[in-house]
Amino acid sequence: MTHPRHPPEPRSRANLRAVTVTTEQTTREADASTRLLTRAYLVALFVLYLALLVWTVLWKLDVPWIGGDRMVKLVPFASTGGAGASAPLEVVVNLVLFIPFGLYLGLLAPALPWRTAAGAVAGASLALEVTQYVLAVGRSDTTDVIVNTIGGLAGLALLALARHRLGPGSAKVVMQVCSIGTAVALLSAGLYLVSPVRFVHVRDVGPLARVDTSERR
């Protein structure tokens with residue numbers, strides 16, 4: 033039994049199909065390239081933020097040093113022994129410092145479960161506290177770990193809220209906000225470093241944790 037032969041496809045239609053396939057492939061490649069560049073840019077911003085975070089937490093935007101105060105405070109918020117209670121402004125600053133951590137973490141790993149994200153933020157904060165103790169550049173305080181973790185989770189919650197309100201375009205908007213915020217923070221830190229203004233001379237955790245009065249004598 034012979035099957036009827038179909039007439040050959042017109043050349044114009046075949047050319048149109050080839051052009052369509054080529055265009056779709058080019059579009060996919062362009063989208064992949066854009067996503068790769070966007071992620072690289074986001075990673076660069078996150079690295080800049082982490083550098084500023086380490087500088088702020090360990091050296092309080094001062095010239096880095098090693099050796100000085102070393103203390104461990106295991107009871108959060110309250111005063112214990114030679115360690116005073118956590119200042120409210122210090123708590124607020126430590127919370128705000130880690131909000132961008134949650135934003136960047138949510139943008140770079142959107143599928144990360146909340147518990148895992150909380151563990152990552154707490155681990156980063158704990159690593160900073162351990163580094164403070166090893167370098168003897170401040171007081172290692174459980175209050176900071178708790179407050180920093182809350183700040184990171186607040187950043188994740190803000191990102192989730194933005195996704196709910198803005199939809200698919202939320203990542204672009206949040207990334208723009210992070211870009212502006214990181215740039216402003218770096219500029220402010222640089223201006224503070226080169227300026228003669230020093231509100232307090234700190235050798236402890238938190239921008240206003242404890243003033244070194246030895247220099248006033």
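Heads up: the sequence shown begins at 33 in our numbering, then just goes up one per residue. Cβ coordinates follow ideal geometry from the N, Cα and C atoms, glycine included.
Item	Value
Which same chain residues end up closer than 6 angstroms to Leu160 when comparing Cβ atoms and leaving out the 5 residues on each side of it in sequence?	Val89
Just how far apart, CA to CA, sit Thr66 and Val205?	16 angstroms
Would you mind giving the Cβ-Cβ distance between Leu135 and Leu191, rounded to the nearest angstrom? I have them listed as a contact below 8 angstroms.	6 angstroms
Can you name the residues that DSSP bridges to Met103?	Arg171
Would you mind working out which of Pro108, Phe133 and Ala194 sits nearest Glu122, comparing C-alpha positions?	Pro108
Could you give the uninterrupted runs of the beta strand (DSSP E) lying entirely in the stretch 128 to 204, keeping only those of 3 residues or more?	170 to 173
For Ala115, which three-state DSSP category applies?	strand
Give a yes or no on contact between the stretch 133 to 150 and the stretch 73 to 80, applying the rule of three or more CB pairs nearer than 8 angstroms.	yes
With three or more beta-carbon pairs closer than 8 angstroms as the criterion, would you say the stretch 214 to 228 touches the stretch 166 to 180?	no
Keeping to the same chain, check which residues put their C-beta closer than 8 angstroms to that of Ala150; ignore five residues upstream and five downstream.	Thr181, Gly184 and Leu185
Going by the CB atoms, is the gap between Val177 and Leu158 shorter than 7 angstroms?	yes
Out of Leu82, Ala156 and Phe133, which has the shortest C-alpha to C-alpha gap to Leu188?	Phe133
Straight-line CA distance for Leu193 to Gly100?	42 angstroms
Tell me, to the nearest whole angstrom, how far the beta carbon of Ser118 is from that of Thr163; I am working on the premise that it is less than 8 angstroms.	Actually they are not in contact, since the Cβ atoms of Ser118 and Thr163 sit about 20 angstroms apart, beyond 8 angstroms.
How long is the line joining the alpha carbons of Trp87 and Trp97, rounded to whole angstroms?	11 angstroms
To the nearest whole angstrom, what separates the beta carbons of Val153 and Phe130, a pair I think is in contact under 8 angstroms?	6 angstroms
Could you compute how far the alpha carbon of Val125 sits from the alpha carbon of Ala64?	38 angstroms
So Met207 and Leu68 are in contact, right, with Cβ under 8 angstroms, and what is the actual spacing, rounded?	Going by Cβ atoms, the distance from Met207 to Leu68 rounds to 14 angstroms, so no, they are not a contact pair.
Using a Cβ-Cβ cutoff of less than 7 angstroms, which residues in the same chain neighbour Leu106 once the five nearest sequence positions on both sides are dropped?	Thr174
Our contact map puts Tyr165 next to Arg102 with C-beta atoms below 8 angstroms; I'd like the distance itself, whole angstroms only.	6 angstroms
Cα separation between Ser227 and Val216?	16 angstroms
Helix, strand or coil for Ser211? Go by DSSP, reduced to three states.	helix
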